[in-house]
Amino acid sequence: METAPASPVAQTQSSDAKPTLIRGLGLLDSVLLLVSGIIGSSIFLTAKDIAGPLPQPVLFLLVWVLGGLISLCACFAFAELGSMFPDSGGQYIYLREAYGDLIAFLYGWMLFAVANGGTIAALSVASAAYVGQVFPLVSQERIVWSLAGIVVTRAHVLGLVLIAVLTYVNVVGLRWGALLQNVSTWTKFAAMAVFVVLGLAIGHGHWSNFQAHGVPLTMGLSPSQLISALGVGLIAVYWAYDGWVYITWVAGEVKEPRRNVPLAMVLGVLAVGGIYIAMNVTYVYALPLKEIAVHETIAHAAAAALFSPGAAVWLSLVIAISCFSAAATCTLAGARVYMAMARDGVFFKRMAIIHPKWRTPAFSLVGQGIWAAVLTLTGHYDQLYTYVMLGMVLSYELTVIGMFWLRWRRPEIPRPYRCTGYPWLPGIYVLIGAAWILNTIWKRPLEAFWSIAIVLIGVPGYVFWKRRNRRAAAE
-9 METAPASPVA
1 QTQSSDAKPT
11 LIRGLGLLDS
21 VLLLVSGIIG
31 SSIFLTAKDI
41 AGPLPQPVLF
51 LLVWVLGGLI
61 SLCACFAFAE
71 LGSMFPDSGG
81 QYIYLREAYG
91 DLIAFLYGWM
101 LFAVANGGTI
111 AALSVASAAY
121 VGQVFPLVSQ
131 ERIVWSLAGI
141 VVTRAHVLGL
151 VLIAVLTYVN
161 VVGLRWGALL
171 QNVSTWTKFA
181 AMAVFVVLGL
191 AIGHGHWSNF
201 QAHGVPLTMG
211 LSPSQLISAL
221 GVGLIAVYWA
231 YDGWVYITWV
241 AGEVKEPRRN
251 VPLAMVLGVL
261 AVGGIYIAMN
271 VTYVYALPLK
281 EIAVHETIAH
291 AAAAALFSPG
301 AAVWLSLVIA
311 ISCFSAAATC
321 TLAGARVYMA
331 MARDGVFFKR
341 MAIIHPKWRT
351 PAFSLVGQGI
361 WAAVLTLTGH
371 YDQLYTYVML
381 GMVLSYELTV
391 IGMFWLRWRR
401 PEIPRPYRCT
411 GYPWLPGIYV
421 LIGAAWILNT
431 IWKRPLEAFW
441 SIAIVLIGVP
451 GYVFWKRRNR
461 RAAAE
């Protein structure tokens, strides 16, 4: 039986002494990386978008369960692919193996240009902004520089500092980057646990908030209307669960990747689901759904109701840590995708270089940090990320379909883990994802247009790098 060739990023030290990555992430590191990457700021903000269309406590909580289950359906498919190709680059490699270089490159281009760069910028500035809620010295209200419509506040400056720190720590070693991520993640977990336990134990909430108060389970809607309402609520939930793919990007540095990558994905999503449900139960205990539906920052409102307005202010530090932790994960993982692209000859050549001392993709990390800083200064990272949401979901959709395709086209590749519930569970994800994509194109054509445009802008770059790579090979 023929086995898949090992990628250069996953090989041990070669005979020509070229530095390689180190498999230094254990199962716990991998689970923490995945959970940290998912839990950013969304759990503190999205309840309003769900309580509006679903003003019924059972349905409000049910949609969080559904979101976790749908994410698991995709995770099972990704886990099989991860066991087949346990190399750094993850989803980029899965798309390359299923569809070829161009589709894989456009995915990687979207990550670098907007999705990852925008996420690092947004999370770093958000972390700084929440710090400013407690320490006004770095408040978003304090403007440092303004020119041609671009406004730079002290929160932006602190965000730039955080990007520099995250980049540096990850450059000087995988263990340092993992340690920073793990410490910030455990701190986030502890703070959220205190909020939930104390909120339910001694907080000034009401269990009566879980009663429907005359609102029937179906909310008086027809089956199709009820499904539509659940779909609207699921949009916010779907994005709250996004980020589980990060662990696939660093698979080349995970110990026993054929076992630990699939296991980390399943355990991580289950852990996130439990955390999300616990947080939302606490929100409902603190406030009735009609009040949750009008609060943009539900965590602050719930903390004020359960404890005091002062507690709500200090909760800002919890959110700041959560955003910082997610940015740390995105920084560590994202650079591995660009490194894999550079190894394939379809991105900046220097990003393929592994630092001889620190054994990290140093140039890829630095390039990612510089671009995230540029997006931070433009102030348009949130809008850009909104535009590529469709592209991200489409990439997940193509990857799950790619698992079906590779089962047929390359059955000889070993699959230590085979997708749970195949073909039904991944098939369900494909159908739900297709419905979401079509609904987005129909309801939000402008965002859909810009999502496609941003992706296609990368085509000239692909042509350039492929031609340059062919010329170099011919010399």
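The opening residue of the sequence shown carries number -9 in my numbering; numbering runs sequentially from there.
All C-beta atoms in this analysis are idealised placements derived from N, C-alpha and C, irrespective of residue type, glycine included.
Following the DSSP letters along the chain, one finds isoleucine 403 in no alpha helix (DSSP H), marked with neither H nor E. By the CB criterion at 9 Å, glycine 98 and alanine 241 fall outside the cutoff. In terms of Cβ geometry, alanine 64 and threonine 430 do not form a close pair [threshold 9 Å]. Going by beta carbons, valine 364 and leucine 96 fall outside the 9 Å limit. Leucine 355 is bridged by DSSP to nothing; it lacks a bridge partner. Between tryptophan 239 and arginine 340, the CB-CB gap reaches or exceeds 9 Å.
Straight-line measurement puts the Cα of lysine 245 at about 22 Å from the Cα of serine 315.
In the DSSP assignment, the residues bridged to valine 244 are Leu15.
Close CB contacts of phenylalanine 338 within its chain, under the 7 Å cut and outside five residues either way in sequence, are with Ala332 and Gly357 (chain order). One alpha carbon belongs to alanine 301, the other to tyrosine 328, and they sit about 42 Å apart. Contact annotation, leucine 307 with histidine 290: C-beta distance approximately 12 Å; criterion of less than 8 Å not satisfied. Excluding five sequence positions before and after serine 114, the CB atoms of its chain that fall closer than 6 Å to its own CB belong to Gly149, Leu152, Ile153 and Ala317, given in chain order. Taking 9 Å as the cut-off, the beta carbon of glycine 193 is found no closer than this to the beta carbon of alanine 268.
Note that the C-beta distance between isoleucine 60 and valine 262 is not below 9 Å. The straight-line gap separating the alpha-carbon atoms of isoleucine 83 and alanine 94 is approximately 7 Å. The C-beta separation of tryptophan 348 from glycine 163 comes to about 5 Å, placing the pair in contact by the 8 Å criterion. With 16 or more neighbouring CB atoms inside 10 Å of its own CB, proline 351 falls in the buried class. DSSP places asparagine 199 outside any alpha helix (DSSP H), giving it a letter other than H or E. Judged by their CB atoms, isoleucine 427 and glutamate 387 are nearer to each other than the 9 Å cut-off.
Under the 10 Å beta carbon count, alanine 183 is surrounded by fewer than 16 other beta carbons and is classified as exposed. Here the C-alpha atom of glutamate 243 lies approximately 8 Å from the C-alpha atom of aspartate 77.
The C-alpha of lysine 280 lies about 12 Å from the C-alpha of tyrosine 273.
In the DSSP assignment, methionine 329 falls within the unbroken alpha helix (DSSP H) covering 299 to 333.
Taken through DSSP and simplified to helix, strand or coil, isoleucine 29 comes out as coil. Assigned with DSSP and collapsed to three states, serine 78 falls in coil, not helix or strand.
With contacts defined by Cβ atoms closer than 9 Å, alanine 219 and leucine 396 do not form a contacting pair.
In this structure leucine 257 is in contact with valine 21, their Cβ atoms being roughly 5 Å apart against a cut-off of 8 Å.
Setting aside the 5 residues that flank it on each side, leucine 190 is surrounded in the same chain by Thr272 and Tyr275, each with a C-beta closer than 7 Å to its C-beta; the list follows chain order. Counting only the Cα atoms, isoleucine 33 lies some 7 Å from alanine 230.
The closest CA to that of methionine 100, considering only Trp440, Ala462, Ile225 and Ala464, is found on Trp440.
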